[in-house]
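Asker: Residue numbers (this note's numbering), protein chains in the order written: chain S, 399 to 694; chain L, 722 to 1042. By construction, the Cβ of each residue, glycine as well, lies at the ideal position given by its N, Cα and C atoms.
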Amino acid sequence: MAVASEARRSVVRERTLRRPGFLRRLPLHLTVWIVMALWLVPTLGLIVNSFRTVPDMNRAGWWTAVFPPSGFTLASYEQIFRTSGFVDALINSLLITIPATVLQVVIATFAGYAFAWMKFRGRDLFFIVIVGLMIVPVQSTFIPVLQMFAAAGLGGTFIAVWLAHAGYGLPFQTYLLRSYIGSLPKEVFESAEIDGANHVVRFWRLVVPMSIPAIAANTIFVFLGVWNDLLIAVTYLGQSPNRPLTVFIGQQTTSLGGNWQILTAAAVIQMALPLLVFLGLQRYFVRGISAGAVKG
Amino acid sequence: MDPRILTAAIAVIGVPILLVGYIRLGEWFLERLPRRIAGRMRPYVWVFPAVAFATVFMVLPTVNTFFISFQDARGNPVGLDNYVFFFTNPETLTSLKNNVLWLIFFTGFVVGFGLIFSVIFDRVRYESWAKTAVFLPLPISAVAASIIWKFMYEFDPPGRPQTGTLNATLGAFGFEPVAWLINQTTNNWALIAVGVWTSTGFAMVIISAALKGISAELLEAARVDGATERQVLRNIIIPLLMPTLTVITTTMIITALKVFDIVYVLTSGAFGTDVIARQLFQRIANSDYGRAAAVAVVLLLAVAPVLLFNVKRFREQEERR
Chain S
399 MAVASEARRS
409 VVRERTLRRP
419 GFLRRLPLHL
429 TVWIVMALWL
439 VPTLGLIVNS
449 FRTVPDMNRA
459 GWWTAVFPPS
469 GFTLASYEQI
479 FRTSGFVDAL
489 INSLLITIPA
499 TVLQVVIATF
509 AGYAFAWMKF
519 RGRDLFFIVI
529 VGLMIVPVQS
539 TFIPVLQMFA
549 AAGLGGTFIA
559 VWLAHAGYGL
569 PFQTYLLRSY
579 IGSLPKEVFE
589 SAEIDGANHV
599 VRFWRLVVPM
609 SIPAIAANTI
619 FVFLGVWNDL
629 LIAVTYLGQS
639 PNRPLTVFIG
649 QQTTSLGGNW
659 QILTAAAVIQ
669 MALPLLVFLG
679 LQRYFVRGIS
689 AGAVKG
Chain L
722 MDPRILTAAI
732 AVIGVPILLV
742 GYIRLGEWFL
752 ERLPRRIAGR
762 MRPYVWVFPA
772 VAFATVFMVL
782 PTVNTFFISF
792 QDARGNPVGL
802 DNYVFFFTNP
812 ETLTSLKNNV
822 LWLIFFTGFV
832 VGFGLIFSVI
842 FDRVRYESWA
852 KTAVFLPLPI
862 SAVAASIIWK
872 FMYEFDPPGR
882 PQTGTLNATL
892 GAFGFEPVAW
902 LINQTTNNWA
912 LIAVGVWTST
922 GFAMVIISAA
932 LKGISAELLE
942 AARVDGATER
952 QVLRNIIIPL
962 LMPTLTVITT
972 TMIITALKVF
982 DIVYVLTSGA
992 FGTDVIARQL
1002 FQRIANSDYG
1012 RAAAVAVVLL
1022 LAVAPVLLFN
1032 VKRFREQEER
1042 R
């Protein structure tokens, strides 16, 4: 037995050590390069075009600017900052995203702790409803919620979108945080109980510090989700001066018709924050999106 | 003073204080109750905000939408008229047909590419770079992605220099340019391609994580025993990845049924590209609430099988815990 597995292992080692010739692997490398190019080129095209003038964009494709004379200019950026509504929309995006994210993550952490470590009647039923709500399309709530906001005098306000985002995002966040907090070691909570620490102390001194990886990943994930959201914002703020950047760009594209090229700079600015967050915190970001799926 | 500065201050300082204060106050109150009652009430204090939000923003409105779907725009009862309208109106039928296209091909390509890319990237040393490239569109909003793809699909009349990347490429090989987003044989595929471009990274990252979990010795043992690469893939890798592939497939089915942003920005649903979610949006914007509600209920029924499947899977997991 030992001899057989030893023999197999040496075969394994030999196989991994043997580097197949570059030529034999060329099709593989070519495929990978082509895939990478296909996925990078569209974004590259937008970024290059955002530094060109609209007449240039209409005269020749973005790839002609890669070689001189490029005619690169910041004109699109200057123009978009002068376009009425853009700066407001940019500020609105932040004003919507930050509170909506905080609200969602904090409430979900409270609930995640309770669902994971407290026993109460109806717990399983509540939680199954939450699991079901993760799938319910937000669209099926729009009409009554719009009417509710109108009746409460909140139509088109920031508060309305904060609450709506929190309401729609909470089921998924609660689900993720419950599974993370539920996987913390039991002994920690038992000794805290013996020490007489109350639940507020346990929560802030134990649960939160030990759950930082999950909370950070979820915060990034929610932040980008709200920042990039179009549907909820256009539904509740579509006619409001409080509309965020995504709604501004979307409405300009559909209303401008043939003149949408001036939006290149706006699109680059809109995606700059998510891309920086992604490149800077790639590990957390990947963890954030895979947590739900892998833990399932 | 700009009133938004006040809003910002309330938002950034007020919201956390409110939430922390809520829990403090709740516990302060509980501590003044007899121990047994406090112990029984405490969990409800902690879950109350989440349950309240879920109830007010999801459960009750969904139920309410169901009732609205049996009314006309003014709130008079009309029986099943809105559903009859949905299944006889050419616009809604087109959007239904397009959602089926999205469901099959968006899901198929995302899961298929996700699987293929994670397997082939696994074999090169610059794997992390390749993965980053495919993953990069994920943090990009659908709105920005649509602007990005407008440049890919841009069409200029034949004879003029093509400024769209795809048409210029076609031209380089001597083909006529195609009006990708207007031509009815290509436009739905063009929109689905944008979705695939955005979402493949998601599928790839998750499949790749599962792939790394398969023991290398197992795969080598199969190869040593004479299995071809194709057999290894089909008889070992894919069966072991099945649970992961199922999760991703259901996630993508939901995404396909709810697709909105890409269609809204790139075509506004014109030229036969409309989808259910955009129809719904349009009808809400026109205050055509009864018909909008019927569209919402159809969407809800379409996702219901996935919902039940997820709940079932969740209960099985809980039993194993």
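When Cβ atoms are compared, which residues of the region 467 to 501 of chain S fall closer than 7 Å to chain L?
Answerer: Per Cβ criterion, the list reads Ile-489, Leu-493, Ile-496, Pro-497, Val-500, Leu-501.
Asker: Taking buried to mean at least 16 other C-beta atoms within 10 Å of its own C-beta, is S/Thr-441 buried or exposed?
Answerer: Against the first sequence, residue 441 of chain S aligns to sequence position 43. When all chains shown are included, S/Thr-441 counts as buried.
Asker: Identify, in the order they occur along the chain, each residue of the same chain with its Cβ nearer than 7 Å to the Cβ of S/Thr-662, setting aside the five sequence neighbours on each side.
Answerer: The count along the first sequence starts at 1 and reaches residue 662 of chain S at position 264. So the qualifying residues of the chain are Leu-444, Asn-447, Ser-448, Ser-474.
Asker: Does the region 1021 to 1041 of chain L touch the region 931 to 945 of chain L, meaning 3 or more C-beta pairs lie closer than 8 Å?
Answerer: The answer is no - the region 1021 to 1041 of chain L does not touch the region 931 to 945 of chain L, with fewer than three Cβ pairs under 8 Å.
Asker: Name, please, each residue of chain L whose Cβ falls closer than 8 Å to the Cβ of S/Thr-451.
Answerer: On the first sequence, position 53 is the one that residue 451 of chain S refers to. By Cβ distance, chain L contributes nothing, its closest Cβ being about 13 Å from S/Thr-451, past 8 Å.
Asker: Whose Cβ in chain L lies nearer than 8 Å to the Cβ of S/Val-675?
Answerer: Within the first sequence, the letter at position 277 stands for residue 675 of chain S. Under the 8 Å cutoff, chain L gives Pro-860.
Asker: On the criterion of 16 or more Cβ atoms from any shown chain inside 10 Å, does L/Trp-749 qualify as buried, or is it exposed?
Answerer: Against the second sequence, residue 749 of chain L aligns to sequence position 28. Exposed is the call here.
Asker: Ignoring anything shorter than 4 residues or poking outside the region 969 to 1015 of chain L, list the alpha helix (DSSP H) runs there in chain order.
Answerer: DSSP runs (the alpha helix (DSSP H)) wholly in the region 969 to 1015 of chain L: 982 to 987, 997 to 1006.
Asker: Kindly indicate which three-state DSSP category S/Val-639 falls into: helix, strand or coil?
Answerer: Taking the first residue of the first sequence as position 1, residue 639 of chain S is located at position 241. First, the amino acid is wrong: residue 639 of chain S is Pro here, not Val. Three-state DSSP puts S/Pro-639 in coil, outside helix and strand.
Asker: Figure out for me which residue from L/Gly-993, L/Thr-828, L/Tyr-874, L/Ala-1006 has the closest Cα to the Cα of L/Thr-971.
Answerer: Your numbering for residue 971 of chain L matches position 250 in the second sequence. It is L/Thr-828.
Asker: At the level of alpha carbons, what is the spacing between S/Val-543 and L/Pro-782?
Answerer: The residue labelled residue 543 of chain S in the question sits at position 145 within the first sequence. The residue labelled residue 782 of chain L in the question sits at position 61 within the second sequence. Roughly 6 Å separates the two Cα atoms.
Asker: Is S/Val-401 close to chain L, meaning its C-beta is less than 9 Å from at least one C-beta of that chain?
Answerer: In the first sequence, counting from the first residue as 1, residue 401 of chain S sits at position 3. Because S/Val-401 sits at a pLDDT of 46, beneath the cut-off of 50, its placement in the model cannot be relied upon, and the point is left open.
Asker: Does L/Pro-782 get closer than 9 Å to chain S when you measure Cβ to Cβ?
Answerer: For the purposes of this step, residue 782 of chain L is taken as the residue at position 61 of the second sequence. So, interface residue.
Asker: Do S/Trp-437 and L/Pro-860 come within 9 Å of each other at the CB atom, strictly closer than that value?
Answerer: Translated into positions along the second sequence, residue 860 of chain L becomes position 139. Translated into positions along the first sequence, residue 437 of chain S becomes position 39. Going by C-beta atoms, L/Pro-860 is not nearer than 9 Å to S/Trp-437.
Asker: Going straight from the alpha carbon of L/Leu-801 to that of L/Phe-791, what length do you get?
Answerer: The residue labelled residue 801 of chain L in the question sits at position 80 within the second sequence. The residue labelled residue 791 of chain L in the question sits at position 70 within the second sequence. If you take the alpha carbons of L/Leu-801 and L/Phe-791, they lie about 6 Å apart.
Asker: Within its chain, find whatever has a CB closer than 7 Å to the CB of L/Ala-900; leave out the 5 residues flanking it on each side and keep chain order.
Answerer: Within the second sequence, residue 900 of chain L is the residue found at index 179, counting from 1. Only Phe-876 meet the Cβ criterion.
Asker: When DSSP labels each residue in this structure, what does S/Val-410 get in the three-state scheme?
Answerer: For the purposes of this step, residue 410 of chain S is taken as residue 12 along the first sequence, with counting starting at 1. For S/Val-410, the pLDDT reaches just 49, beneath the cut-off of 50, and the residue's location in the model is therefore unreliable, although a value from the coordinates is still provided. The answer is helix: DSSP assigns S/Val-410 an H, G or I state.
Asker: Which bits of chain L does S/Tyr-458 rub up against, with CB to CB less than 8 Å?
Answerer: On the first sequence, position 60 is the one that residue 458 of chain S refers to. For the record, residue 458 of chain S in the displayed sequence is Ala; it is not Tyr. Near S/Ala-458 (Cβ distances below 8 Å), the residues of chain L are Pro-882, Thr-884.
Asker: Quick check on the DSSP output: what are the complete alpha helix (DSSP H) runs of length 4 or more inside the region 478 to 548 of chain S, in order along the chain?
Answerer: Listed in chain order, the complete alpha helix (DSSP H) runs (minimum 4 residues) inside the region 478 to 548 of chain S are 484 to 515, 521 to 531.
Asker: Compare the C-beta of L/Met-963 with all C-beta atoms of chain S and state if any pair is closer than 9 Å.
Answerer: In the second sequence, counting from the first residue as 1, residue 963 of chain L sits at position 242. For L/Met-963, the answer is no, since every Cβ of chain S falls outside 9 Å of its Cβ.
Asker: Applying a beta-carbon distance threshold of less than 9 Å, which residues of chain S neighbour L/Lys-979?
Answerer: Locating residue 979 of chain L in the second sequence gives position 258, where the first residue counts as 1. Ordered by position in chain S, the residues that pass the 9 Å Cβ test against L/Lys-979 are Pro-535, Val-536, Gln-537, Leu-629.
Asker: Keeping to the same chain, check which residues put their C-beta closer than 6 Å to that of S/Ala-514; ignore five residues upstream and five downstream.
Answerer: By 1-based counting over the first sequence, the position of residue 514 of chain S is 116. Contacts found: Arg-576, Ile-579, Gly-580.
Asker: List the residues of chain L that S/Ile-505 touches, going by C-beta distances under 8 Å, in chain order.
Answerer: Locating residue 505 of chain S in the first sequence gives position 107, counting from the first residue. Result: Leu-740, Pro-770, Ala-771, Phe-774.
Asker: Kindly indicate if chain S contains any beta-carbon less than 9 Å away from that of L/Ala-900.
Answerer: For the purposes of this step, residue 900 of chain L is taken as the residue at position 179 of the second sequence. L/Ala-900 does not count as touching chain S.
Asker: CA-CA distance, S/His-563 and S/Leu-421?
Answerer: Taking the first sequence and counting its residues from 1, the one referred to as residue 563 of chain S is at position 165. Taking the first sequence and counting its residues from 1, the one referred to as residue 421 of chain S is at position 23. If you take the alpha carbons of S/His-563 and S/Leu-421, they lie about 53 Å apart.
Asker: Under 8 Å from any heavy atom of the ligand ADP, does the C-beta of L/Phe-769 make it?
Answerer: With respect to the ligand ADP, the structure offers nothing, as it holds no ligand at all.
Asker: Does the region 971 to 986 of chain L come within contact of the region 908 to 919 of chain L, defined as at least 3 CB pairs closer than 8 Å?
Answerer: Cβ pair count under 8 Å is three or more, so yes.
Asker: Can you grab the Cα-Cα spacing for the pair S/Thr-451 / S/Phe-470, in whole Å?
Answerer: As a working mapping, residue 451 of chain S is identified with position 53 in the first sequence. As a working mapping, residue 470 of chain S is identified with position 72 in the first sequence. The straight-line gap from Cα to Cα measures roughly 8 Å.
Asker: Whose C-beta lies closer than 6 Å to the C-beta of L/Arg-763 among residues of the same chain, with five residues either side of it excluded?
Answerer: Residue mapping note: residue 763 of chain L aligns to position 42 of the second sequence, counting from 1. Closer than 6 Å at Cβ, skipping near neighbours: Leu-751.
Asker: For L/Arg-756 and S/Arg-603, what's the separation of their Cα atoms in angstroms?
Answerer: Your numbering for residue 756 of chain L matches position 35 in the second sequence. Your numbering for residue 603 of chain S matches position 205 in the first sequence. Using only the alpha carbons, I get a separation of about 23 Å.
Asker: Spell out whether any CB of chain L is found under 9 Å from the CB atom of S/Gly-551.
Answerer: For the purposes of this step, residue 551 of chain S is identified with residue 153 of the first sequence, where counting begins at 1. Not an interface residue.
Asker: With a cut-off of 8 Å, do at least 3 Cβ pairs link the region 605 to 623 of chain S to the region 451 to 464 of chain S?
Answerer: Touching, no, given that fewer than three Cβ pairs across the two stretches are closer than 8 Å.
Asker: Should L/Val-1019 be labelled buried (16 or more other beta-carbon atoms within 10 Å of its own) or exposed?
Answerer: Numbered from its first residue, the second sequence carries residue 1019 of chain L at position 298. By the neighbour-count rule (16 or more Cβ atoms within 10 Å), L/Val-1019 is buried.
Asker: Considering just the uninterrupted stretch of the alpha helix (DSSP H) at S/Asp-454, what are its terminal residues?
Answerer: Start at 1 with the first residue of the first sequence, and residue 454 of chain S comes out as number 56. Its alpha helix (DSSP H) spans residues 452 to 457.
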